[in-house]
Structure formats: C-alpha cells, structure tokens
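Here's the structure, in structure tokens; my notes come after.
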Amino acid sequence: MAGEQLALTVLMGLLLVLVAAVLTRLEDWRSYTPLAGGAGAAGEVGHAHEEKPGGITRWLTTVDHKDIGMLYGTYAIIAFAVGGIMAFLIRLQLISPDGAIIGNQFYNAILTSHGITMLFLFGTPIIAAFANYFVPLLIGADDMAFPRINAIAFWLLPPGALLIWGGFFTAPLGIGIDAAQTSWTMYTPLSVEQANPGVDLMLLGLHLTGVSATMGAINFIATIFTERGDDVTWANLDIFSWTILTQSALILFAFPLLGSAIVMLLLDRNLATTFYAVEGGGSMLWQHLFWFFGHPEVYILVLPPMGIVSLVIPKFSGRKLFGFKFIVYSTLAIGVLSFGVWAHHMFTTGMDPRLRASFMAVSIAIAIPSAVKTFNWITTMWNGRLRLTTPMLFCIGFVSNFIIGGVTGVFLASVPIDQILHDTYYVVGHFHYIVMGAIGFAAFAGLYYWFPIFTGKMYQRTLAKWHFWLSMIGTNLTFFAMLALGYLGMPRRYATYAFDGAIAPLAQITLYHQLASVGAVILLVGQLIFVWNFVNSWLEGPATASADPWNLKETDQFTKEFDWYERKLETAIADGGDDDDTLVADGGESVDE
Amino acid sequence: MDEQPGLSDQYRMASPWPLFVALGLALSEVGIFMGLFPVAVGGLLLLGGSVSGILRESGYVARPWRTFAQLGGFFALLGVIVVGTQVDLVTAIGTDPLALMGTLLGVVERPSNYAVLGRGMAVVVAGLMMLAAGGTGSLMARSTPQP
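Structure, rendered in structure tokens:
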C-alpha cells in the first residue's frame with residue numbers, strides 16, 4: 032500500500048512538473064498586462080498577425096468558438112461510434128434466446144455504457160458543437176460571452192469519457208475495477224451495493240460531463256442575452272438560438288441537480304452516508320431526484336434538434352417557417368412543462384394514485400406544444416417547392432419518426448397502459464424513435480446542411496442519400512420491432528430471453544429480436560457510409576465555389592451564418608488564399624437540386 | 003514584454019489554461035472521491051495553479067501568486083472543516099496538541115486507513131502547500147521589479 036502511495040506521489044509530481052514545463056514553454060506570464068491598463072489588447076503587442084498558433088497547440092489552446100465547436104463535433108462523433116458499436120454488440124447478442132456472442136456481465140456493462148455514452152457523450156456534445164459554431168454567427172456576436180469558460184467546458188469532457196469508459200480499460204488488467212453494470216438510470220440500491228470501483232469512476236465521469244454542460248449553458252445564456260448584434264432583436268432572433276436558449280435554461284436547472292444526486296450516491300458508496308438507504312431517504316429518493324433531472328434531459332436533447340429542423344425545413348420548402356411565433360411559444364411551453372412530468376417514469380412504483388393522475392395529465396399536455404411544432408413543420412412544407420436534398424430528407428425523416436415516437440409516448444403517459452407496458456421493449460422502442468429517429472436525424476441534417484461552412488467543401492450527394500435511406504429503413508425496422516416486442520411482453524435490459532413458452536411466445540419474440548438486429552446491421556452500414564463520405568469529402572472534396580450552395584438567396588433565406596461564410600470566402604480570394612480549386616460539388620454538377 | 007510574448011499575447015484566440023483547469027478539476031475529483039491522497043493533492047494544486055493563471059491572463063486579478071495563496075487558504079479551511087467533523091479539534095488542541103499532530107501525520111502517512119479524515123487531510127495538505135508556495139511567490143515577486 033505504501034509502495035503504491037509512493038508511486039502515485041512520484042507520478043503526480045512528475046505530471047505537475049510536466050505541466051509547469053509545458054506552460055512555461057507556451058506562456059510568458061511576465062508579459063501579461065492587466066487589461067485595465069489598456070495595453071493588453073492583442074494588437075498592441077505587435078505579434079498578433081496570425082489568428083491562431085499552429086499544429087496541435089492550436090487545438091489544445093483554442094478559445095475560438097468555431098474551433099471549440101469543431102472539437103465538440105469530433106468528440107461527439109467518436110462517442111457516437113463507440114456507443115454505436117456497443118449497441119451493435121447488444122443487437123448481435125440478442126439474435127438467439129440464449130445470447131449469441133457475449134457474457135451476461137459484459138452485456139450489462141455495454142448496456143449501461145451505451146445509454147450513458149449516447150446521451151451524455153454524443154447527444155449533449157453534438158448539440159454543443161452546432162451551438163458553439165453557429166449561435167455566435169447567427170446572432171452576430173464576435174465570440175461566446177466567456178471564451179475561456181467555453182474551452183474549460185469542452186476540456187472537461189475527455190476526462191469524463193475516459194472515466195465513464197474506464198472500467199472497460201481496467202477490467203482486463205485484473206485489478207478489480209470493472210465496467211459499471213448499473214444501467215444508465217443508476218437506480219439504488221443496486222448502484223449503492225455494487226462494490227466495483229468502476230461504478231465510482233463512471234459516476235465521477237458523469238459528474239464532470241454535468242459540470243461541463245452547466246458551464247456551457249451559462250455561457251450560451253450570457254451570449255444570447257448580451258452579445259447579440261445591433262440588428263438582432265428578440266423579435267427576429269432565429270429559431271435555433273431560441274431553442275438553445277431554452278435548452279440552456281433547462282440545463283441550468285436540471286444538471287446541477289443530477290450533479291448533487293450523484294455526489295450523494297458517491298458519498299453513500301464510499302463514506303457510509305445513508306441518503307438512499309432505507310433508514311435515510313430510501314431508494315425512491317434517487318428515482319425522484321434522477322427523473323427530476325432525467326425528464327428535462329429528454330427536452331434538453333430534443334429542443335435544439337427541433338430548432339435545427341425548424342431552421343432547415345423552410346430553406347428547402349422555398350417558404351418561411353409557418354407560425355414562427357407559435358414554434359417559439361411551444362418551445363418555451365415544453366421547457367416549462369418538462370419539469371412537471373418526471374414521475375411518469377415511476378407510475379409502477381406504488382406511488383399515490385392521485386399524484387399519478389396529475390403527472391399523467393401534465394405528461395399528456397406536453398403533446399400539445401409538440402403537436403404544434405409537428406403541424407407547423409408539415410404546414411411549412413405544404414404546397415412548398417420542396418427540394419429533397421440530404422439535410423431536407425433527414426428533416427422529413429425526423430418529422431416522421433418524431434410522430435411515431437411521440438404518439439407511442441402519449442400511450443405510455445397514460446397510467447393504465449403504462450402499467451402493462453412499463454419496463455418492456457415498447458418503452459425502448461418509443462424512446463429510440465426519439466433519440467435515434469429524431470435527435471440523431473436532426474444531428475445529421477445539421478451536419479449536412481452546414482457541411483460547406485465548416486469544411487469549405489461539399490459532401491458526396493449519392494453517398495449521403497444512401498446514408499439517409501439506410502438510416503431511415505434501419506431505424507424503423509429496429510425500433511418498430513421493439514414496439515412489437517413490447518406488446519409481446521419482452522422485458523427490457525435482459526441479456527438472454529430463453530423463457531418458458533407459457534410466459535411468452537418465444538418463437539415470435541426471437542423473430543422480432545432478429546428483425547431488430549437486421550435493422551441494426553442496416554444502420555451500421557449506413558453509418559459506415561456516413562463516416563467515409565464525411566472524412567473523404569472533407570479531405571479530398573473540391574472546394575465550394577459559391578457561398579450559397581443551397582440557393583438560399585433565391586427565396587430570400589440567406590441567413591447570417593452563410594453571410595459570414597460569404598465574407599470569409601471573399602477575404603480568402605482577396606488575400607490570395609489557396610482557394611484556387613473552384614470546382615463545384617459532385618465533380619462539376621451544380622450542388623442545388 | 004514585446005521581446006518574448008506568451009502564447010496568449012501572440013494569439014488573441016488562444017489560452018493554455020482551460021485544458022489544465024479541466025484536468026485539475028478532474029484529477030482532484032477522482033483523487034478525493036476515490037481516496038487517492040497524492041492524486042487529490044496534485045489535482046488541487048493543478049486546479050489552483052491554473053485558476054490563478056487564467057484569472058491573471060484574463061486580467062481579473064493582478065497578482066497570480068496572491069490568488070494562488072488565497073485559493074490555498076480556502077482549501078485549507080475547507081479541509082479543516084472536514085477534519086473537524088471527525089476529530090474534536092478544539093478539545094484536542096487544548097489538551098494535547100502534540101498527540102493531535104501525531105494523529106494527523108499518521109493520517110497523511112496512511113490516508114487509505116481513514117475514510118473521511120484521509121480525504122480531509124488531502125485537502126488541508128494541498129491548501130497548505132498552496133499557501134506556502136503562493137506566499138513565497140508573492141514575496142519574491144515583490145522583491146523583483148515588474149517588467
């Protein structure tokens with residue numbers, strides 16, 4: 032023990048010396064002049080000709096919102112790949128009733144990690160990626176209100192991911208730290224009683240991602256309130272910034288609560304407190320705290336994607352967003368209502384039936400603002416001049432999947448139905464229609480729509496359409512099969528399902544599981560095409576000649592971020608930039624359709 | 003200062019500190035909660051140092067060493083409060099301060115034997131180190147003329 036202590040001390044000492052050495056190489060802090068003195072502005076130093084340092088240093092030290100957006104995006108896509116591979120393993124395992132490829136413990140571990148990875152390491156960061164890059168451009172700000180806090184918020188994420196996945200790295204070493212098997216909801220008493228320190232690591236990682244999200248949210252609120260350009264008012268603030276503002280407010284109220292609940296769980300696990308013990312708050316306390324965060328989290332994840340969809344659909348329908356004001360109002364309404372529905376996750380816990388009824392009423396009420404949005408998107412497209420570009424296809428896919436995910440949600444919000452379907456695959460199918468079919472699709476729509484801006488290139492259209500159609504078919508096959516599995520009574524989370532035939536129709540259940548797995552294969556192929564297209568077009572695609580790749584000027588919808596891009600292209604040509612490759616996208620074809 | 007500008011003087015959109023603030027926070031959380039004494043102390047030092055650095059860089063404070071010492075004082079106080087929940091400090095100092103010192107040094111020697119006390123002492127030790135370093139730095143900075 033003392034040896035370990037000594038080794039750790041030496042290691043930490045070395046780390047600190049290394050950090051100090053790196054810092055002294057990078058930074059001469061004697062050169063700092065207090066800003067109040069007026070001499071600290073970059074221009075007066077006489078060395079600030081270039082905007083950013085070169086190489087890896089640029090990315091490790093950047094505080095530019097666009098660079099940080101790119102870092103968030105890269106991080107989110109890596110996390111999406113990790114979470115996706117975990118999901119694929121889950122689906123492979125469930126091809127046969129006894130479990131096809133992996134052990135039950137490992138299944139539990141990847142089931143836990145898949146959920147946390149997709150929600151906290153992919154979902155929140157991919158939204159932060161879009162928001163960091165585009166909100167300042169859309170509102171005419173120079174940068175975020177607090178650029179350094181922005182960078183801190185991002186850099187908390189990589190240690191968070193390493194901690195959350197830490198158990199997978201340490202399990203093969205045989206040092207007694209395995210991946211957590213608590214499921215993403217971390218229900219007590221299970222999560223208190225699992226002695227594995229991997230659970231602590233995961234909780235700490237989750238705490239760090241929560242701190243990161245909170246810092247980001249404060250930054251977005253401050254930016255949207257104080258950094259708007261002179262011509263951007265509350266009346267003409269774009270829909271994406273509205274959703275980011277609402278989302279940030281939700282984060283501000285929800286994430287600190289998750290952080291506190293996690294700290295209490297860590298204290299219960301390590302320091303013998305009794306917050307969630309029977310003699311303390313009881314295990315229901317965790318469920319209340321967790322879902323008071325957890326349900327707003329759903330809207331934290333879905334509102335900005337709705338903003339992207341509301342932004343993109345009009346561009347390819349040739350008309351303005353129908354009922355802009357009502358979409359903003361419905362966003363705010365969802366934001367407020369989202370804090371009054373958490374106990375619909377707990378209808379079968381034996382809570383007071385009168386409370387249950389009130390939570391049912393509020394949960395069903397959320398269908399109203401959601402439907403307002405859905406009808407507004409449909410009406411925007413109605414009689415419009417539709418152009419089925421890839422971002423538009425993903426938006427239409429969003430609307431379609433959101434309707435299925437939403438309607439199944441209305442059923443689940445109803446107490447008597449929930450009592451039958453609770454903890455079955457119906458719930459899994461329902462929320463995957465939202466998180467993959469809607470949120471995932473909107474993320475793809477955003478990535479394709481803004482691809483020309485952040486890469487200066489154009490993606491390959493045919494591959495992108497393959498990506499859409501494989502994703503659409505794969506999503507619907509996989510998650511519709513799950514709805515059917517739920518009706519058959521298949522409980523969620525199980526690693527195997529070799530039931531007694533008297534309990535459930537095993538042949539049918541196996542068939543639907545296999546269908547869901549076929550859907551997963553289709554999804555995987557689609558995502559491989561996406562990654563190839565994304566990387567290949569970015570590295571080798573021809574530069575875009577026009578700042579208006581979507582012909583937005585034609586319908587007077589050339590928005591601020593494309594304005595910015597146009598200015599950037601013009602400046603690049605003016606100072607003899609290397610943009611001499613003026614081929615249009617797709618090998619000479621016009622990019623608009 | 004024009005002779006040898008630092009990174010964040012040369013480039014308006016660069017700062018070396020955020021990465022280390024995040025790393026410091028992550029290490030101190032892991033160290034404190036997992037009961038790893040050296041990691042907790044090192045993490046808190048890194049956190050305190052980089053917070054002082056970033057505040058200095060962005061012009062919120064004029065003297066980083068003083069901020070470092072102040073943060074150290076805050077941590078030390080916080081740690082003492084945690085230690086105070088386990089040991090009756092007032093009585094112990096009044097009756098036998100040497101024995102108290104012995105106990106606390108024993109905790110530092112084998113912190114993993116003590117749950118709350120070990121963690122509290124990690125925060126105290128980190129805070130005292132920062133106080134000492136920050137104090138010394140302040141004095142040295144005062145004796146050398148500012149550029």
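Same order as they appear, the protein sequences are chains A and B.
32 is the number of the first residue of the first sequence in our numbering; add one for each residue after it.
3 is the number of the first residue of the second sequence in our numbering; add one for each residue after it.
Positions of the beta carbon are idealized from the N, C-alpha and C atoms, including for glycine.
What is the DSSP secondary structure of A/Thr201, reduced to helix, strand or coil?
Taking the first residue of the first sequence as 1, we reach residue 201 of chain A at position 170. DSSP places A/Thr201 in helix when its eight states are reduced to three.
Please confirm if B/Val15 has its CB atom under 8 Å from at least one CB of chain A.
For the purposes of this step, residue 15 of chain B is identified with residue 13 of the second sequence, where counting begins at 1. Checking the displayed sequence, the identity of residue 15 of chain B turns out to be Met instead of Val. Answer yes: the Cβ-Cβ gap between B/Met15 and chain A drops below 8 Å somewhere.
Contacts that A/Thr148 makes with chain B (C-beta to C-beta distance below 8 Å)
By 1-based counting over the first sequence, the position of residue 148 of chain A is 117. Residues of chain B passing the Cβ test: none, with the nearest at roughly 18 Å.
Contacts of A/His238 in chain B (Cβ-Cβ under 8 Å)
Here residue 238 of chain A refers to the residue found at position 207 when the first sequence is read from its first residue. Glu31, listed in chain order.
From the DSSP output, read off the bridge partner residues of A/Pro522.
Here residue 522 of chain A refers to the residue found at position 491 of the first sequence. DSSP lists A/Thr455 as partners of A/Pro522.
Quick one: grab the DSSP three-state call for B/Gly139.
In the second sequence, residue 139 of chain B corresponds to position 137, counting from 1. Helix, per DSSP.
Beta-carbon proximity check, A/Ile180 vs A/Ser272, cutoff 8 Å
Here residue 180 of chain A corresponds to residue number 149 of the first sequence, with the count starting at 1. Here residue 272 of chain A corresponds to residue number 241 of the first sequence, with the count starting at 1. Taking 8 Å as the Cβ cut-off, A/Ile180 and A/Ser272 do not qualify as a contacting pair.
Quick check on A/Gln212: buried or exposed, where buried means 16 or more other Cβ atoms within 10 Å of its Cβ?
Position 181 of the first sequence, counted from the start, is the residue given in the question as residue 212 of chain A. The residue is buried, with at least 16 neighbouring Cβ atoms inside 10 Å.
Uninterrupted alpha helix (DSSP H) stretches inside the segment 94-157 of chain A (no shorter than 4 residues):
96-124 and 135-147
Inter-residue CB distance, A/Thr240 and A/Gly191 (contact presumed, cutoff 8 Å)
Taking the first residue of the first sequence as 1, we reach residue 240 of chain A at position 209. Taking the first residue of the first sequence as 1, we reach residue 191 of chain A at position 160. Yes, A/Thr240 and A/Gly191 are in contact; Cβ-Cβ is about 4 Å, under 8 Å.
List the residues of chain A whose Cβ lies closer than 8 Å to the Cβ of B/Ala71, in chain order.
As a working mapping, residue 71 of chain B is identified with position 69 in the second sequence. Ordered by position in chain A, no residue passes the 8 Å Cβ test against B/Ala71, which lies about 16 Å from the chain.
Would you please verify whether the beta carbon of B/Leu80 is less than 8 Å from any beta carbon of chain A?
As a first step, residue 80 of chain B is located in the second sequence; it is residue number 78 there, counting from the start. No, because no Cβ of chain A sits closer than 8 Å to the Cβ of B/Leu80.
With 16 as the cutoff for other CB atoms within 10 Å, does A/Gln318 come out buried or exposed?
For the purposes of this step, residue 318 of chain A is identified with residue 287 of the first sequence, where counting begins at 1. It is buried - the Cβ of A/Gln318 has at least 16 other Cβ atoms within 10 Å.
Just to make sure I have the definition right: I need the residues of chain A whose C-beta is within less than 9 Å of the C-beta of B/Met36. Which are they?
Residue numbering aside, residue 36 of chain B sits at position 34 when the second sequence is read from its first letter. Chain A residues near B/Met36: Pro228, Asp231, Leu232, Leu235 and Asn301.
Near-chain B residues of the segment 80-94 of chain A (beta-carbon distance less than 8 Å), N- to C-terminal order
Glu81, Glu82, Lys83, Pro84, Thr88, Arg89, Leu91, Thr92, Thr93 and Val94
Report buried or exposed for A/Trp413, applying the criterion of at least 16 other Cβ atoms within 10 angstroms of its Cβ.
Here residue 413 of chain A is taken as the residue at index 382 of the first sequence, counted from 1. Answer is exposed; the Cβ neighbour count stays below 16.
Considering B/Gln12, what are the terminal residues of the alpha helix (DSSP H) in which it resides?
Walking along the second sequence from the start, residue 12 of chain B turns up at place 10. Residue range Leu9 to Gln12 is occupied by the alpha helix (DSSP H) that includes B/Gln12.
Return yes when the Cβ of A/Ala110 is within less than 8 Å of the Cβ of A/Leu152, no when it is not.
To locate residue 152 of chain A, count along the first sequence from 1; it is residue 121. To locate residue 110 of chain A, count along the first sequence from 1; it is residue 79. A contact, by the Cβ cut-off of 8 Å.
Using DSSP with H/G/I as helix, E/B as strand and the rest coil, what is A/Lys351?
Counting from one through the first sequence, the residue named residue 351 of chain A turns up at place 320. Three-state result, A/Lys351: coil.
Length of the line joining the Cα atoms of B/Ser145 and A/Ala202:
Position 143 of the second sequence, counting from 1, holds the residue named residue 145 of chain B. Position 171 of the first sequence, counting from 1, holds the residue named residue 202 of chain A. When rounded, the distance between both Cα atoms is 53 Å.
Considering only residues of the same chain and omitting the five flanking positions on each side of A/Leu554, which have a CB-CB separation below 6 Å?
For this step, residue 554 of chain A is matched to residue 523 along the first sequence. Only Gly505 meet the Cβ criterion.
For A/Asp173, which of A/Ala533, A/Asp261, A/Asp269 and A/Leu234 has the nearest alpha-carbon?
Counted from its first residue, the first sequence places residue 173 of chain A at position 142. It is A/Asp261.
Per-residue DSSP class, three states only, for A/Ala473:
Taking the first sequence and counting its residues from 1, the one referred to as residue 473 of chain A is at position 442. Reduced to three states, the DSSP call for A/Ala473 is helix.
Between the C-alpha atoms of B/Ala143 and A/Pro422, what's the straight-line distance to the nearest angstrom?
In the second sequence, counting from the first residue as 1, residue 143 of chain B sits at position 141. In the first sequence, counting from the first residue as 1, residue 422 of chain A sits at position 391. Rounded to the nearest angstrom, the two C-alpha atoms are 58 Å apart.
Per-residue contacts from A/Val50 into chain B (C-beta, under 7 Å):
As a first step, residue 50 of chain A must be located in the first sequence, where it is residue number 19. Correct list: Phe22 and Leu48.
Chain-ordered chain B contacts of A/Glu58 [CB-CB under 9 Å]:
Counted from its first residue, the first sequence places residue 58 of chain A at position 27. Correct list: Gly8, Leu9, Ser10, Asp11, Ser17, Pro18, Trp19, Gly55 and Glu59.
Taking C-beta pairs closer than 7 Å, name the residues in chain B that A/Arg385 reaches, listed in chain order.
For the purposes of this step, residue 385 of chain A is taken as the residue at position 354 of the first sequence. The premise fails here: A/Arg385 is roughly 40 Å from chain B at the closest Cβ pair, so nothing lies under 7 Å.
What is the DSSP secondary structure of A/Lys488, counted as helix, strand or coil?
Stepping through the first sequence from its first residue, residue 488 of chain A is reached at position 457. In the structure shown, A/Lys488 sits in a strand (DSSP, three-state: E or B).
Rounded to whole angstroms, what's the CA-CA distance from B/Leu21 to A/Leu187? Just pull it up for me.
Translated into positions along the second sequence, residue 21 of chain B becomes position 19. Translated into positions along the first sequence, residue 187 of chain A becomes position 156. Rounded to whole angstroms, B/Leu21 to A/Leu187 spans 8 Å at the Cα level.
Per DSSP, which one or two residues make a beta bridge with A/Ala574?
In the first sequence, the residue the question calls residue 574 of chain A occupies position 543. DSSP lists A/Lys488 as partners of A/Ala574.
Taking 8 Å as the threshold (C-beta atoms), are A/Phe593 and A/Leu600 in contact?
If you number the first sequence from 1, residue 600 of chain A lands on position 569. If you number the first sequence from 1, residue 593 of chain A lands on position 562. Taking 8 Å as the Cβ cut-off, A/Leu600 and A/Phe593 do not qualify as a contacting pair.
Kindly identify the DSSP beta-bridge partner or partners of B/Ala16.
Translated into the one-based positions of the second sequence, residue 16 of chain B becomes position 14. A/Thr93, per the DSSP bridge assignment.
Within-8 Å CB hit, A/Met43 to chain B:
Here residue 43 of chain A refers to the residue found at position 12 of the first sequence. Yes, because at least one Cβ of chain B sits closer than 8 Å to the Cβ of A/Met43.
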